[in-house]
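Q: Chains A and B, in that order, give the protein sequences. Per my numbering, residue 25 is the first one in the first sequence, and the count goes up by one each step. Per my numbering, residue -13 is the first one in the second sequence, and the count goes up by one each step. The beta carbon of each residue, even a glycine, is placed where N, CA and C say it ideally should be.
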Amino acid sequence: MTDQSASLAGRSGGRASITTRVWLDIALFIGYVALSAPQTTGIPFHEYFTVVFIPIFIAHIVLDWAWVKRVFRRSDRKRSGEVRFNRAFDIVIFIAMVVVIYSGFLVSEAMLPDLGFQPAQSDFWFTIHDAGGNLLILLVGIHLAMHWPWIKRNIGRIRPSRTVAA
Amino acid sequence: MNAWLSRNTVPILLVLAASAVVIAGFEILDAVAGGPTAEPTTETGAAADDLQGIASLAGLIKVALFLLIPGAITVAVRRSLEGRTAKP
């Protein structure tokens, strides 16, 4: 979240503390990197961990709901270019994330077969999952860079404070 | 946890509804443009083990590069734009 958008969220009265949001975002980032490298973590982890990742992803949006509401409010059209870019970009990321997760279930090789379901292996969904997954990593890189000032400012809040000996 | 869920029911439902809309859109796309069923092809034996090791490292490198390169470009573009719009 940028300086301007952070102040927007603050003014609209976000309910989650910054510390909670920072910790959640760290969990989301680590989880996302782990999910994005199925060649490294293995397909079973890739698929089962998605079930853990989905609530974290939803919570990431819900905890910033005050910001979401504010930037999507119709009466507030006079936003800076950066906020408008972030708004459009976040919609694209959301769509990409939903499609990649959903297509992942449709091409499941471990989790769904373990549960007794045999998803039909479709070229369409394989292509969507593969290409969408790669595209999503690029989008997340840009998303992090766009919100870098917020990350830099707030990551310091979760560092343990140093006590100076008297 | 329950209190948090009940307090945020509306946003959660909206996120789920938006997800359902996206999924429905892509299901329609699949119905219109979906191709035939894929036949999985797998390597076996020592070649597969070698490939597994290489792919394991390549997977991490790919994620790092895919995150860092667009991120760095975005930061550079942002700084350049900020520098251009900053008043002297």
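1. Tell me whether B:Asp16 counts as near the ligand ZN, meaning its Cβ is closer than 7 Å to at least one heavy atom of that ligand.
2. Please state the DSSP three-state secondary structure of A:Ser132.
3. Can you give me the start and stop residues for the alpha helix (DSSP H) that A:Arg104 sits inside?
4. Tell me the residue span of the alpha helix (DSSP H) that contains B:Leu2.
5. For B:Asp16, decide whether its Cβ has a neighbour in chain A, counting only Cβ atoms nearer than 8 Å.
6. Quick one: grab the DSSP three-state call for A:His171.
7. Quick check on A:Ile80 - is its C-beta less than 8 Å from some C-beta in chain B?
8. Tell me whether the stretch 116 to 132 of chain A and the stretch 8 to 20 of chain B touch, counting them as touching only if at least three CB pairs, one residue from each stretch, are closer than 8 Å.
9. Between the Cα of A:Met60 and those of A:Val116, A:Val164 and A:Arg177, spot the shortest distance and give me the residue it belongs to.
10. Examine chain A for any beta-carbon lying closer than 8 Å to the beta-carbon of B:Gly69, and answer yes or no.
11. Does DSSP classify B:Met(-13) as helix, strand or coil?
12. Residues of chain B with CB closer than 8 Å to the CB of A:Leu168, please, in chain order.
13. Can you find the residues in the same chain that come closer than 6 Å, C-beta to C-beta, to A:Pro143, ignoring five residues on each side of it along the sequence?
14. At a Cβ threshold of 8 Å, is A:Gly165 touching chain B?
A: With the structure as the only source:
1. No copy of the ligand ZN appears in this structure; indeed no ligand is present at all.
2. Reading the first sequence from its first residue, position 108 is the one you call residue 132 of chain A. Looking at A:Ser132 - three-state DSSP - the assignment turns out to be coil, as it is neither helix nor strand.
3. Position 80 of the first sequence, counting from 1, holds the residue named residue 104 of chain A. It is worth fixing the name first, because residue 104 of chain A is Ser in this sequence and not Arg. Going by DSSP, A:Ser104 is part of no alpha helix (DSSP H) at all; its letter is neither H nor E.
4. If you number the second sequence from 1, residue 2 of chain B lands on position 16. Under the DSSP assignment, B:Leu2 falls in the alpha helix (DSSP H) whose first and last residues are Thr(-5) to Ala19.
5. Here residue 16 of chain B refers to the residue found at position 30 of the second sequence. Chain A has a Cβ within less than 8 Å of the Cβ of B:Asp16.
6. For the purposes of this step, residue 171 of chain A is taken as the residue at position 147 of the first sequence. Coil.
7. Position 56 of the first sequence, counting from 1, holds the residue named residue 80 of chain A. So, not an interface residue.
8. Touching, per the Cβ criterion.
9. What you label residue 60 of chain A is simply residue 36 of the first sequence in a count that begins at 1. A quick correction: the sequence has Ser, not Met, at residue 60 of chain A. It is A:Val164 whose Cα lies nearest to the Cα of A:Ser60.
10. Translated into positions along the second sequence, residue 69 of chain B becomes position 83. No - not a single Cβ of chain A is within 8 Å of the one on B:Gly69.
11. Here the question's residue -13 of chain B lines up with position 1 in the second sequence. Assignment of B:Met(-13) by DSSP, reduced to helix, strand and coil, places it in the coil class.
12. One-based indexing of the first sequence puts residue 168 of chain A at position 144. Correct list: Leu53 and Gly57.
13. Translated into the one-based positions of the first sequence, residue 143 of chain A becomes position 119. Here A:Pro143 has Leu130, Ser132 and Leu136 as same chain residues with Cβ atoms under 6 Å from its own Cβ, once five neighbours each way along the sequence are excluded.
14. Your numbering for residue 165 of chain A matches position 141 in the first sequence. At a cut-off of 8 Å between beta carbons, A:Gly165 contacts chain B.
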